[in-house]
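Student:
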Amino acid sequence: MKKMNVLPFYMTYPTVAYTKENGMVEDLEYFQQMYLNGARMLQREIVKSISILDYDGSMIYDAYPDQFMLRRLSAKLLDKMKKQTKPEDPLYKVLVQEGIDELVFLILLNEVLKRRHKKDMGFLQF
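What follows is the structure in structure tokens.
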């Protein structure tokens, strides 16, 4: 009996498994561009602040980041932004709204997720 050398279907297109890895980060960045003005102002400030924590061994790169530490970090960021803004600044109106602490926490989580996926691509890309 003649043995056929047949490749599995996933081997015929080897880049399909690897091209979608960056797709999540690109999608996240695209949707972040659609944030409302207030959320976009918050995001800019959070990105500036979290850049300090973007190093190897940082808590944002832990296998399971601690929720308490992330909430504490978001509270510190919010307090820092409130102290730095003046009442006539448009960002100040956003910072004094009720529930803004939850929004800051969500934007912080999105930024941590984005940085984790940019740094560790998961699959080896050739």
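Here the sequence shown stands for residues 493 to 618, numbered as in our numbering.
We put the beta carbon where it would ideally sit given N, CA and C, even for glycine.
Only a predicted model underlies this, so the values are computations on that prediction, with no experimental measurement involved.
Between E603 and the rest of its own chain, which residues show a CB-CB distance below 8 Å, the 5 nearest in sequence each way excluded?
Tutor: Locating residue 603 in the sequence shown gives position 111, counting from the first residue. Q535, I538, V539 and I542, listed in sequence order.
Student: Taking buried to mean at least 16 other C-beta atoms within 10 Å of its own C-beta, is V596 buried or exposed?
Tutor: The sequence position of residue 596 within the sequence shown is 104, counting from 1. Its Cβ being crowded by 16 or more others within 10 Å, V596 is buried.
Student: State the DSSP-derived secondary structure class of K495, mapped to helix, strand or coil.
Tutor: Within the sequence shown, the letter at position 3 stands for residue 495. Looking at K495 - three-state DSSP - the assignment turns out to be coil, as it is neither helix nor strand.
Student: Under a three-way DSSP split, which group does S541 fall into?
Tutor: Position 49 of the sequence shown, counted from the first residue, corresponds to residue 541. Note: S541 maps to helix in three-state DSSP.
Student: Taking its Cβ as the centre, do 16 or more other Cβ atoms sit within 10 Å of R607, making it buried, or is it exposed?
Tutor: As a working note, residue 607 is residue 115 in the sequence shown. So R607 counts as buried.
Student: Go through the region 545-597 residue by residue and report every complete run of the alpha helix (DSSP H) that reaches 4 residues or more, in order.
Tutor: With a minimum length of 4 residues, the continuous alpha helix (DSSP H) runs that stay inside the region 545-597 are 559-576 and 582-587.
Student: Buried or exposed: V586, going by 16 or more other Cβ atoms within 10 Å of its Cβ?
Tutor: Within the sequence shown, the letter at position 94 stands for residue 586. Counting Cβ neighbours within 10 Å, V586 comes out buried, since at least 16 surround it.
Student: Does the Cβ of I544 have 16 or more other Cβ atoms within 10 Å, making it buried, or fewer, making it exposed?
Tutor: As a first step, residue 544 is located in the sequence shown; it is residue number 52 there, counting from the start. Classification for I544: exposed.
Student: Considering only residues of the same chain and omitting the five flanking positions on each side of D546, which have a CB-CB separation below 7 Å?
Tutor: The residue labelled residue 546 in the question sits at position 54 within the sequence shown. Excluding residues within five positions, the ones whose Cβ falls inside 7 Å are R607.
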